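Undergrad: Sending over a structure as structure tokens; questions will come in a sec.
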Amino acid sequence: QREEELQQTNQETVDKTKRMLSKAVETKKGLERENAELSSQLERLSQELQESVEKLNKTEAELENIKNANTHQLAQQELEKEQRERIKGMQKALEEAQQRVAEAE
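Mapping to our numbering: the sequence shown position 44 is 44, numbers consecutive.
Right under this line is the structure:
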């Protein structure tokens with residue numbers, strides 16, 4: 001009888017161990033699936049981040065080009081303003097010279 005009890009206890013221990021191992025295997029499989037999903041998400045997010053960085057760099061370059069174009073346009077407008085002022089000065093000097101010539105005649 002003692003032997004039967006020991007055999008039953010051993011069988012219960014074996015069954016319990018098998019259940020624990022089965023749960024451990026299922027837990028491991030679940031963790032592996034979760035890890036694969038997280039790795040996939042990480043890869044996707046990394047790709048999205050890379051694309052966002054590339055778009056941002058492109059936008060920054062475009063803004064720099066616009067800034068340079070605006071700076072060039074402002075310089076061109078300033079140059080044109082100075083040229084108009086010189087022409088006005090020359091026209092005034094020409095009118096004054098014509099008036100002196102007319103007075104001298």
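Even glycine gets a Cβ: it sits at the ideal position worked out from N, Cα and C. Note that the structure is a prediction, hence the values are computed from the model and not measured.
Tell me the start and end of each unbroken alpha helix (DSSP H) in the region 16 to 89 that is at least 4 residues and wholly inside, in chain order.
TA: Complete alpha helix (DSSP H) runs here, min 4: none at all.
Undergrad: Would you identify the three-state DSSP class for residue 99, choosing helix, strand or coil?
TA: As a working note, residue 99 is residue 99 in the sequence shown. Helix, per DSSP.
Undergrad: Mapping DSSP to helix, strand and coil, what is residue 105?
TA: Here residue 105 refers to the residue found at position 105 of the sequence shown. Of the three classes helix, strand and coil, the one that applies to residue 105 here is coil, per DSSP.
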